[in-house]
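Working notes for the structure below.
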Amino acid sequence: MILQFIKRDPAWKFTPWFTAAAALGALFYSARPGGWLPLTIAGPVYLILWMLALPHQRVTFFEAALPVSGRDLFLARFLSLLAMIWLPAVATVAILLAGSKAAAAPQIAVVATILTLGTIINLSVRIKEFTAPPKLTLWCASCTTGAVIPALGFRLPILVAAICGGAAFVVAAIAWRSVPKTFQSAPWDVATPRRNIGNAAPSLPWWPIIRSLFPWQSALFIPVGTLFAATGQWIFAPMYLMMAYSQTRQTTRWTLALPISSRRMFAASTIPMLLVLAFGAEFGALSGMARVGHDLIRQGDPEHFRGSGALDVFVNRAFWRLAPGGQVPVIQAPWGERFQPEPHPVLGLTLYNPYAVGEKNSFAFEDWQFSRATEYIYGRAMTARQLAEGKGQGLTPITLRPRMQILTIAAILASALFWVWLIELFSWQWLGRLSKTARTALTYSAMLIIIGGVFGDLLVSKLPGSLSQPVLEAGLLYISRHLPANLGVVALVAFLPLAAMFWLIGFQVGVAENTQPVQQPQSLFDRLGSRP
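The working numbering puts the first residue of the sequence shown at 1, with every later residue one more than the last.
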């Protein structure tokens, strides 16, 4: 009987797909180590699956009406959620061990145990009721995924896994003893009628619209997106903010019956999010958060070992160059010493580090390459000691100068507007005339294009991590070099396309057919619905 309940559980339906995706990621991780796999599993992928699996719901009315004990229903639900967590983890660890990449296996165990602890905590609150509080569910998901990052930085991941696993066992044991024979489907007592005194201050007439524009779910997505923007991961920041925008679009559909322009509602919901995104990116640049773990230049690369004691000169991939005709040129010093950097083929193109140092090169060649790199990145040639002193005196690279900051913020906002356009695309009139199969195919195709653009280079490149953001940064550097020195002209060139995109999406919103049902602005799970 329990097996039948597991088979019809929504978490079980997503488990095979999640397991296949995790196994596929483990295959690429075995050839391209970059530390991104555990965070990918615990990040947006898990957060989306968490919401789709309806973890707040312990039992449906149909299941509660069956002659089955409450413990059996609770056990089936708990095992389904555990399967969604541990089957992908086991598949990932097995592939990593088979590929002689066991270093990430303890990290996967840490991620799985933390997610297990968050799951059982969510199931244990108000255990006699059909569902847990939706707000608690979202906050539990955000705190769980947020706890993964510091846990992975702990030196003894097995100890973290043991502590979280033990805590999960204790919480599960307490919850198991509290499971009722049947779940509560109605209040135990009649509610006491409330008297309306009528002396309260009148609410603002615009308060329902403001509440719909900024639903409480934004308190989850917007801070995460802002944190990504502040830490320099601005490719992923718009994804979370547009989750908040999609939620806002659902909660503001009822305003279509009001004499308020759709374009004004679009501006009121979009502009604050864009400003928060720009603030996060600028705060990260000014505070230094964006540079933590993202060195523009350093001596010594952990992937290279020089028996002679010479150190390789590593620069951010945004400063790499494209090999003309696929042939990497030979780097020659003024005194004749040479070195040909290693080629890195990506999507039919060949990239190389123009400041690399070979194992047989001299220390003089290393210093010369380092000075060339600092001259390009910081504007003047320096040694490693001079660079450290310059940073202490406020020396900034070209990526943090005003013109690049303007272009970077414009690029971030353009990425966010593209996500908005994609969300609004499926409300266009012509798209509504297509069949359901065609609309579904178009939706998944758009998602694959976006995901492939961000992570597709992992499939074809032997370099650790994704190249999408460095490539975009290199493009911004190229644009910056070819623009006039006047910052006003740079700002005009950067933000005119944004204004055009904003106007186009506003026009698109004005002629859209909003045929989807209106959502109340109280709960995210109202849109997801109940399990059948």
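Ideal Cβ placement from N, Cα and C applies to all residues, glycine included.
{"query": "Buried or exposed by the 16-neighbour rule on C-beta atoms within 10 Å, applied to CYS143", "result": "exposed"}
{"query": "Option nearest PRO497 by Cα separation, candidates ILE412, GLY510 and THR374", "result": "ILE412"}
{"query": "Nearest neighbour of ALA356, chosen from PRO345, SER362, VAL346 and GLN369 [CA to CA]", "result": "GLN369"}
{"query": "Proximity of THR116 and HIS56 at Cβ, strictly below 8 Å", "result": "no"}
{"query": "N- and C-terminal bounds of the alpha helix (DSSP H) containing PRO402", "result": "402-425"}
{"query": "Limits of the beta strand (DSSP E) - the one that GLN351 falls within", "result": "The identity of residue 351 in the sequence shown is Leu, whereas the question assumes Gln. Start and end: 349-352."}
{"query": "ALA381 to GLY348 span [Cα, whole Å]", "result": "33 Å"}
{"query": "Coil, strand or helix - ARG539 by DSSP", "result": "The structure shown does not extend to residue 539, since the chain is modelled only from 1 through 532, so no value can be given for it."}
{"query": "Boundaries of the beta strand (DSSP E) in which VAL346 is found, first to last residue", "result": "344-346"}
{"query": "Whether LYS128 touches PHE74 by CB criterion (8 Å)", "result": "no"}
{"query": "Residue(s) in a DSSP beta bridge with PHE339", "result": "ILE331"}
{"query": "Backbone CA spacing between LEU351 and LEU472 [nearest angstrom]", "result": "14 Å"}
{"query": "Spatial distance of ASP301 from VAL313 (CA atoms)", "result": "The predicted model places ASP301 with a pLDDT of 49, which falls under 50 and marks its position as unreliable; any figure quoted below should be read in that light. Taking the straight line from one Cα to the other gives about 7 Å."}
{"query": "Which listed residue (LEU79, SER69, ASN316 and GLY475) has its alpha carbon closest to that of ASN353", "result": "ASN316"}
{"query": "Secondary structure of GLU129, DSSP reduced to three states", "result": "strand"}
{"query": "Sub-8 Å separation of ARG77 and ASP9 beta-carbons", "result": "yes"}
{"query": "At least 3 beta-carbon pairs within less than 8 Å: the region 319-326 vs the region 268-285", "result": "no"}
{"query": "Sub-8 Å separation of ALA237 and ILE222 beta-carbons", "result": "no"}
{"query": "Selection from THR408, TYR478, LYS436 and LEU422 that minimises the alpha carbon distance to ALA491", "result": "THR408"}
{"query": "THR251 to ALA112 span [Cα, whole Å]", "result": "34 Å"}
{"query": "Min CB distance LEU417 to chain B below 8 Å", "result": "This model lacks chain B altogether, as it is built from one protein chain only."}
{"query": "Distance between GLY488 and SER269 (C-alpha atoms, nearest Å)", "result": "28 Å"}
{"query": "Simplified DSSP state of LEU467, which is helix, strand or coil", "result": "coil"}
{"query": "DSSP-derived helix/strand/coil call for GLN57", "result": "strand"}
{"query": "Backbone CA spacing between ALA103 and PHE283 [nearest angstrom]", "result": "34 Å"}
{"query": "Inter-residue spacing [alpha-carbon to alpha-carbon] between ALA410 and MET239", "result": "16 Å"}
{"query": "Cβ distance (whole Å) where THR92 is taken to contact ALA172 below 8 Å", "result": "Actually they are not in contact, since the Cβ atoms of THR92 and ALA172 sit about 23 Å apart, beyond 8 Å."}
{"query": "Beta-carbon contacts of PRO133 that lie in its chain and below 8 Å, excluding the five residues immediately before and after", "result": "HIS56, VAL125 and ARG126"}
{"query": "Beta bridge counterpart(s) of LEU322 as assigned by DSSP", "result": "LEU351"}
{"query": "Contact check, THR248 vs ILE209, beta carbons under 8 Å", "result": "no"}
{"query": "Beta-carbon spacing of ILE271, SER415 below 8 Å", "result": "no"}
{"query": "Cβ-Cβ separation, GLY506 to PHE266 (assumed contact under 8 Å), whole Å", "result": "5 Å"}
{"query": "Contacting residues, own chain, Cβ-Cβ under 7 Å from ILE6 (five flanking each side not counted)", "result": "TRP12, ALA76, LEU79 and SER80"}
{"query": "Where GLN393 sits in the DSSP three-state scheme", "result": "coil"}
{"query": "Whole-angstrom distance between GLY325 and PRO484, CA atom to CA atom", "result": "30 Å"}
{"query": "Enclosing alpha helix (DSSP H) for GLY358 [first to last residue]", "result": "Careful: GLY358 lies outside any alpha helix (DSSP H) and carries neither H nor E."}
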